[in-house]
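Per our numbering, the very first residue in the sequence shown carries number 123; after that it's consecutive. All residues carry an ideal CB built from backbone N, CA and C; glycine is no exception.
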Amino acid sequence: MAPVQLENHQLANLAVANGRVKFRVEGEFEATLTVMGDDPEVPWRLLKLEILVEDKETGDGRALVHSMQIDFIHQLVQSRLFADEKPLQDMYNCLHSSDSKLVERAMKIDHLSIEKLLIDSVHARAHQKLQELKTILRSFNANENSSIETALPALIVPILEPCGNPECLHIFVDLHSGMFQLMLYGLDQATLEDMEKSVNDDMKRIIPWIQQLKFWLGQQRCKQSIKHLPTITTETVQLSNYSTHPIGNLSKNKLFIKLTRLPQYYIVVEMLEVPNKPTQLSYKYYFMSVSTADREDSPVMALLLQQFKDNIQDLISSTKTGKQARTGTKHKLSDDPCAVECKKAKRSGEMCAFNKVLAHFVAMCDTNMPFVGLRLELSNLEIPHQGVQVEGDGFSHAIRLLKIPPCKGVNEETQKALDRSLLDCTFRLQGRNNRTWVAELVFANCPLNGTSTREQGPSRHVYLTYENLLSEPVGGRKVVEMFLNDWSSIARLYECVLEFARSLPDIPAHLNIFSEVRVYNYRKLILCYGTTKGSSISIQWNSIHQKFHISLGTVGPNSGCSNCHNTILHQLQEMFNKTPNVVQLLQVLFDTQAPLNAINKLPTVPMLGLTQRTNTAYQCFSILPQSSTHIRLAFRNMYCIDIYCRSRGVVAIRDGAYSLFDNSKLVEGFYPAPGLKTFLNMFVDSNQDARRRSVNEDDNPPSPIGGDMMDSVISQLQPPQQQPFPKQPGTSGAYPLTSPAASYHNTVNQSPSMIHTQSPGTLDPSSPYTMVSPSGRAGNWPGSPQVSGPSPATRLPGMSPANPSLHSPVPDASHSPRAGTSSQTMPTNMPPPRKLPQRSWAASIPTILTHSALNILLLPSPTPGLMPGLAGSYLCSPLERFLGSVIMRRHLQRIIQQETLQLINSNEPGVIMFKTDALKCRVALSPKTNQTLQLKVTPENSGQWKSDELQVLEKFFETRVAGPPFKANTLIAFTKLLGAPTHILRDCVHIMKLELFPDQATQLKWNVQFCLTIPPSAPPIAPPGTPAVVLKSKMLFFLQLTQKTSVAPQEPVSIIVPIIYDMASGTTQQADIPRQQDSSVAAPMMVSNILKRFAEMNPPRQGECTIFAAVRELMANLTLPPGGRP
């Protein structure tokens, strides 16, 4: 190809290939040329022409000129190439000029391209279709207010005026298909699709759809207007009587609004057409009540249906009382519920028309209907009131009662006094859920002033709260009934308080010091009592059970401790309900506090190993209250002690095993405690001894012939009849506490624990409580043993002496010294004990003790008469030591019959005599204290025994065998030792001496303890607690060795050594008993080696026993490795 001479630098962008040259001007054109020969005169031939000018509006790179136009330009340029002298320059000028015009026109004219023309024509067609639709709408509503948007062809149709843009129906035309597309915020997609299909089939169908949407939008506006209120909205409600009730006559276009806090109430909104106004609705509002559904899914029944007033201003004004409704304020409601249109929707799709009328009705019903319901209930019960009143500048409501009905069971005088003191009674609602009622009672002239600072003003405010369940109507009858029950509780307690207040000026000084009124708030009376006022008692009326309820507690420093009167709480409550007298209650608390503090120190925890049945637990003491002043103590399910609390700081104690009305009969399940009368008389204070019966009376008692005998005792000791508690007319209301009513005991409701064991009443002339004699013979009296009945375990439900669930309350720390810290000695002013004739009925006659003596009797203390080293580690009370000794003496009688011992008849009461082959033994209670069981041993051959050996044997029996914790198996083991040959028994006595007097053997490294029962840590040869002495051809017994030197703070090392003595060979060895797998074998190996070496070095001689010598060798030479444990 010949060189190309370019006259224009714009054509410099060229490419030569395949005999062709391609000129490209970016943004304008691209031309491909060639020449048909090598001659320079041959003209250029235009092969291809492309216009590069783009459509800037669409930007998709499509050409702006038609192909026919390109052909025309091609021919034009080719003609120029043939004719001009500068063909390439002319081609450029021609094409550049054409492209420039294209660009200029594209910038100035909207519809340049064919595509643009097509789009414009589509838009025009869409506008035409929308205009046709608008014409149809105008034919239905001449005042229709729809508009067509041009940017994106759409018809915006207001459905319900006033109507914001989000609430309008938007109708679009699909530019590709030409079909209508509809959009409305909140409408479900299925309905929209049905509308589109219907309108595309026939545009006239738009009219019924818009009418339907109008009611739908009206519902949506109602829902949006109350969405901030506690409601649930539904279009339908399952009503069992829908077809017969007026609700069925309403329009089908309605909305049910359920008040969630008042589930039995609905507000029904009926929507109706407005004549000649197709884009407006009229609303009617109804109040509907329904019945309570039996089940959650069962239909309810419509009851009341009432239309709200048309003029809402009248409705607002009718709720204002005492104040005229303000006008001109921003809170005033318009007559037209939809008169105000939102200036601008807060967010897309928000409903713009707020139904103020509906919101007001819902809020008003939610607030007022509880009061309306309460007002109706009050009126139905004929309780006068002032109706619903507005308080707090119109922001709250209240109902004031003018008079409360009188209460049943309250005397007229008390009712009048209570009515005079009541200043105001107002019901209000509180809380966010609007289901909590508060009744405020204002009282004046309160009869009692407590120590609380809130109870010092001239008036008292009492607030009663009632929570309505969802299943109950708010303000229904339940609330009124609960209030009347509370009012009855107030009146019942007020009657007691009024009587108590009248008696306060004449109350005894000791009760005035003993107690104080802590709180009286008309619903509850709280009294604090005790020396430090550390105990409290609360009294209030329980309307459900129709009786007074008493609760006990502790306050101040004693808070957290148990009140000692919890033991007799049930009995106190029964007594107070029979005779609701506060002064009498305080007197009982005063008389029983010290005895109960002492009683509560007794151990009540069940223990194992007390009898031969080692796996059976027995409760040491069972505390069984019989009345508010009568406490029964059962010891190990065998012995029974009755304690009667009296005034002036004394108690009466008797053997409860005897029938109250016939001393010849016993209460089933219990046994008399021999010597109890003698033991109790040791604690009688000489100042209180004036009422003790003479020795002549003890020697010649009344004949025990049933109820007559007890009647004679009662007639001798009963004080003359005094004026009973109820006050005389004209008196100040004080009650003579020194002689309260004779009905004090017999008016107490008998609890199940009192049916068969009635209290013997008061036998002390100084007591403020008199007694009523039984009205019939013993055979007809419930407490008589002649009436066959169950044992005490079945007679006292839940209070069996062997019932481990029975617990004694923790004593009140305010007036109960710790066990073992108070005085442990007998009163110094007590006379020496009298020798009483042993009569089986003697203990049935009460013994009078002071409170301090009772405390000594029941307080754990060291055993009197014993050196501290000889006393055991088990600390118990004198009463437990006495009863334990008696029960051990009873065990001994049975053991003598079982063992190879010979019983010797004795004329001395309470004395057991028996003998072995070598010893004669006498066992009896200590005559000085009656708290230990003593053994007196007399050898058949006095030459075989030394006097100190016999003393060791006797002291060992008193302190280690028959002493606490009083186990029968220790007696069995000891009697086996007594039956051993003399030389063996003497060796055992020497070991006992080392145990009793460990300080006398200073050269020994170990202390020894003779194990009469198998300890838990012993080798598993028998269950723990089993007698640990076996005496046959060989003798097996157990010793516990405790190392003397120990490094603090470690406990001393102790080991259990089973010893077996072969009587035939005379050797003493360690018993070969398999040890537990986890136990160490070091100590048993060392013990066995020492005993074997001793036997080898000291062969036994005829007639000698090697037990003591071998044990002493072991105690002197046994040395455990340092830091090792057995």
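Per-residue burial, residue i [other beta carbons within 10 Å of its own, 16 or more giving buried]
i	result
Thr366	exposed
Gly471	In this prediction, Gly471 scores a pLDDT of 45, lower than 50, which makes its location untrustworthy; the coordinate-derived value is nonetheless stated afterwards. Its Cβ having fewer than 16 others within 10 Å, Gly471 is exposed.
Thr689	buried
Arg448	Unreliable positioning characterises Arg448 in this predicted model, as indicated by a pLDDT of 38, which lies under 50. A coordinate reading is not provided.
Lys1115	buried
Asp1070	exposed
Leu724	buried
Arg542	exposed
Arg754	buried
His1013	buried
His687	buried
Ser834	Interpretation of Ser834 is limited by its pLDDT of 40, a score under 50 that renders its predicted location unreliable; no figure is taken from the coordinates.
Asn737	exposed
Tyr585	exposed
Asp1121	exposed
Lys1098	buried
CA nearest to the CA of residue i, picked from the options
i	options	result
Cys1227	Lys1058, Met1207, Asp1039 and Thr1189	Thr1189
Leu1057	Ala1040, Leu1075 and Lys1050	Leu1075
Lys700	Ser750, Thr714 and Phe1088	Ser750
Asn1063	Ile775, Asp1039, Gln706 and Gln511	Asp1039
Lys1042	Glu1030, Gly495 and Gln1024	Gln1024
Cys285	Gln342, Leu304, Glu315 and Lys787	Gln342
Val359	Lys326, Met423, Gly340 and Leu394	Met423
Thr414	Thr401, Tyr387 and Gln1122	Tyr387
Phe294	Leu802, Gln303 and Pro288	Gln303
Ala623	Ile1212, Tyr642 and Pro1031	Tyr642
Glu532	Val619, Ser966, Lys1156 and Gln132	Here residue 532 is Val; the residue named in the question, Glu, does not match the sequence. Val532 has its Cα closest to that of Val619, out of Val619, Ser966, Lys1156 and Gln132.
Val710	Phe698, Thr736 and Glu1117	Phe698
Gly675	Cys683, Val199 and Gln668	Cys683
Thr733	Ala1095, Ile258, Gly300 and Thr156	Ala1095
Tyr307	Leu297, Leu291 and Phe712	Leu291
Ser189	Ala276, Ile173 and Leu203	Ile173
Unbroken beta strand (DSSP E) run spanning residue i, endpoints
i	result
Gly675	Lys669 to Thr676
Tyr766	Tyr761 to Cys767
Thr1092	Thr1092 -> not in any beta strand (DSSP E); alpha helix (DSSP H) instead, spanning Ala1090 to Leu1100.
Phe1036	Ile1034 to Lys1037
Leu282	Note, Leu282: premise wrong, no beta strand (DSSP E); not H, not E.
DSSP three-state assignment for residue i, whether helix, strand or coil
i	result
Cys683	strand
Glu696	helix
His1112	helix
Tyr407	strand
Asn1129	strand
Asn571	coil
Asp457	Note that Asp457 scores a pLDDT of 42, beneath 50, so its modelled location is shaky and nothing firm can be said.
His367	coil
Val138	strand
Asp777	strand
Met1219	helix
Asp830	Note that Asp830 scores 40 on pLDDT, short of 50, meaning its location in the model is unreliable and no value can be drawn from it.
Endpoints, alpha helix (DSSP H) assigned at residue i
i	result
Asp541	Glu534 to Ser543
His196	Ser189 to Ala205
Asn607	Arg599 to Ser625
Asn634	Ala631 to Phe636
Asn721	It is Ile, not Asn, that sits at residue 721 in the sequence shown. Counting along the chain, the alpha helix (DSSP H) containing Ile721 begins and ends at Val704 to Ile721.
Val479	Lys478 to Asn502
Asp323	Gln311 to Asp323
Heavy atom of the ligand MN within 7 Å of residue i beta-carbon
i	result
Gln342	Of the ligands one can find in the structure shown there are none, so the ligand MN has no counterpart to examine.
Beta-carbon separation (whole angstroms), residue i vs residue j, contact threshold 8 Å
i	j	result
Ile281	Glu271	So it is not a contact: roughly 17 Å between Cβ atoms.
Ala246	Leu297	Going by Cβ atoms, the distance from Ala246 to Leu297 rounds to 11 Å, so no, they are not a contact pair.
Gly1225	Leu1153	Not really, about 18 Å apart at Cβ, beyond 8 Å.
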